[in-house]
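Using my numbering, read the sequence shown as starting at 409 and increasing by one per residue.
Reading through the structure tokens given below for one structure.
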Amino acid sequence: MQKETKILIGKIILATIASAGILTVAAVAPNALRAIDLFRDKKKRKYHMGSYVNRNFERLKDRGLIKFEKRDDKSFVRLTEKGQRELLKYQLREAIIKKPRWWDKKWRVVIFDIKESARNLRKGLRQELVNLGFVKLQNSVWVYPYECGEVIIMLKSYFCLGKDVLYMTVDKIENDKWLKQEFGLS
Numbered sequence: 409m410q411k412e413t414k415i416l417i418g419k420i421i422l423a424t425i426a427s428a429g430i431l432t433v434a435a436v437a438p439n440a441l442r443a444i445d446l447f448r449d450k451k452k453r454k455y456h457m458g459s460y461v462n463r464n465f466e467r468l469k470d471r472g473l474i475k476f477e478k479r480d481d482k483s484f485v486r487l488t489e490k491g492q493r494e495l496l497k498y499q500l501r502e503a504i505i506k507k508p509r510w511w512d513k514k515w516r517v518v519i520f521d522i523k524e525s526a527r528n529l530r531k532g533l534r535q536e537l538v539n540l541g542f543v544k545l546q547n548s549v550w551v552y553p554y555e556c557g558e559v560i561i562m563l564k565s566y567f568c569l570g571k572d573v574l575y576m577t578v579d580k581i582e583n584d585k586w587l588k589q590e591f592g593l594s
């Protein structure tokens with residue numbers, strides 16, 4: 409099975425568990441089976457779907473992303489903190505900032521102050537901002553022309569950066585002609 413398919417199936421299981429917080433295993437499996445079935449090539453199925461899902465649950469458990477619990481002779485599954493972060497990582501990869509039909513002539517500015525001892529964290533944040541289409545104004549100041557507050561909240565959560573990252577909406581940036589050209593704005 410291709411790596412992309414395994415990642416997709418893991419994401420579906422994590423998202424299913426996350427949507428309810430904690431689920432009985434019996435409640436998760438049918439929904440996960442239906443969702444996974446949409447992405448599998450019926451000609452290439454080599455084994456029973458139930459055992460396939462069970463193997464994926466075990467794989468996620470082995471990676472520390474989910475945790476099984478027993479209560480009153482029922483099995484439950486929940487996301488671990490690591491599982492929540494993994495799901496957030498998937499969501500960040502798919503994050504797209506919607507561009508409205510018209511620019512509201514406001515800039516969205518992200519500034520951060522991350523210590524040198526957290527260099528890799530800072531580097532990761534910068535890379536995510538580049539991936540989202542932000543333009544660097546200064547080393548720790550990044551600009552985007554459209555509303556993106558929800559994505560910034562996701563970034564702050566993923567990197568565990570509370571007050572170290574600030575999101576602002578500003579009416580004017582001095583000498584912004586080059587920024588307008590960079591984003592194709594008039």
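C-beta atoms are modelled at their ideal positions from N, C-alpha and C, and glycine is treated no differently.
Collapsed DSSP secondary structure at residue i in the structure displayed
i, result
"residue 530", "helix"
"residue 515", "strand"
"residue 554", "coil"
"residue 577", "strand"
"residue 476", "strand"
"residue 567", "coil"
"residue 585", "helix"
"residue 520", "strand"
"residue 486", "strand"
"residue 544", "strand"
"residue 441", "Only weak support exists for where residue 441 lies, its pLDDT of 44 falling under 50; the coordinates are left without a value."
Counted within 10 angstroms of its Cβ, other Cβ atoms place residue i as buried (16 or more) or exposed
i, result
"residue 396", "There is no way to answer for residue 396, as the model of the chain reaches only from 409 to 594."
"residue 504", "exposed"
"residue 580", "exposed"
"residue 476", "exposed"
"residue 530", "buried"
"residue 564", "buried"
"residue 546", "exposed"
"residue 561", "exposed"
Contact under 8 Å by Cβ, residue i with residue j
i, j, result
"residue 486", "residue 577", "no"
"residue 587", "residue 551", "yes"
"residue 511", "residue 553", "yes"
"residue 519", "residue 574", "yes"
"residue 538", "residue 590", "no"
CB-CB length for residue i against residue j, believed under 8 Å
i, j, result
"residue 521", "residue 548", "6 Å"
>> Would you call the stretch 484-498 in contact with the stretch 522-537, where contact means no fewer than 3 C-beta pairs closer than 8 Å?
In response: no
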